[in-house]
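Residues in the sequence shown are numbered consecutively from 139, following this note's numbering. Using N, Cα and C, we set each Cβ at its ideal position, and we do this for glycine too. As the structure is a prediction and not an experimental result, all values here were calculated from the model. Notes follow the structure.
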Amino acid sequence: MVTLWLFAGLAVGALNGLTLWSSVARLRPDVPGRAVAWILGSALLRWGLTGGLLIAALQHGVVPGLLAFVGLWLARWGIVCKGVGSMKYGVGSRE
Numbered sequence: 139m140v141t142l143w144l145f146a147g148l149a150v151g152a153l154n155g156l157t158l159w160s161s162v163a164r165l166r167p168d169v170p171g172r173a174v175a176w177i178l179g180s181a182l183l184r185w186g187l188t189g190g191l192l193i194a195a196l197q198h199g200v201v202p203g204l205l206a207f208v209g210l211w212l213a214r215w216g217i218v219c220k221g222v223g224s225m226k227y228g229v230g231s232r233e
């Protein structure tokens, strides 16, 4: 049951990365009002999911809360490493 919180953290962290990628992909420089709405809406969704996960985990104890936090942290670093790796091989280059 305790490792469930680690996997929940990984899942929410991956979902946070996907929503961030989606909101950045939808940005249009010619419509600045819509860009702000996308960024704020996506940020509220990510913060709500993260906060909800951490609150739920901490209600079960400190160890589940820490495991959920570690899952979020590992997912974040996995997304960063994947992005850096794809840019290293030219997948994300703008040239």
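- Residue environment analysis places S160 among the exposed positions, since fewer than 16 neighbouring C-beta atoms fall within 10 angstroms of its C-beta.
- Bounds of the alpha helix (DSSP H) holding L187 are 170–196.
- With respect to the 8 Å criterion, G147 and A206 are classified as neighbours on the basis of their beta carbons.
- Here A213 is near G151, since their CB atoms are less than 8 Å apart.
- Cα atoms of S180 and L158: separation of roughly 7 Å, rounded to the nearest angstrom.
- Taken through DSSP and simplified to helix, strand or coil, L165 comes out as coil.
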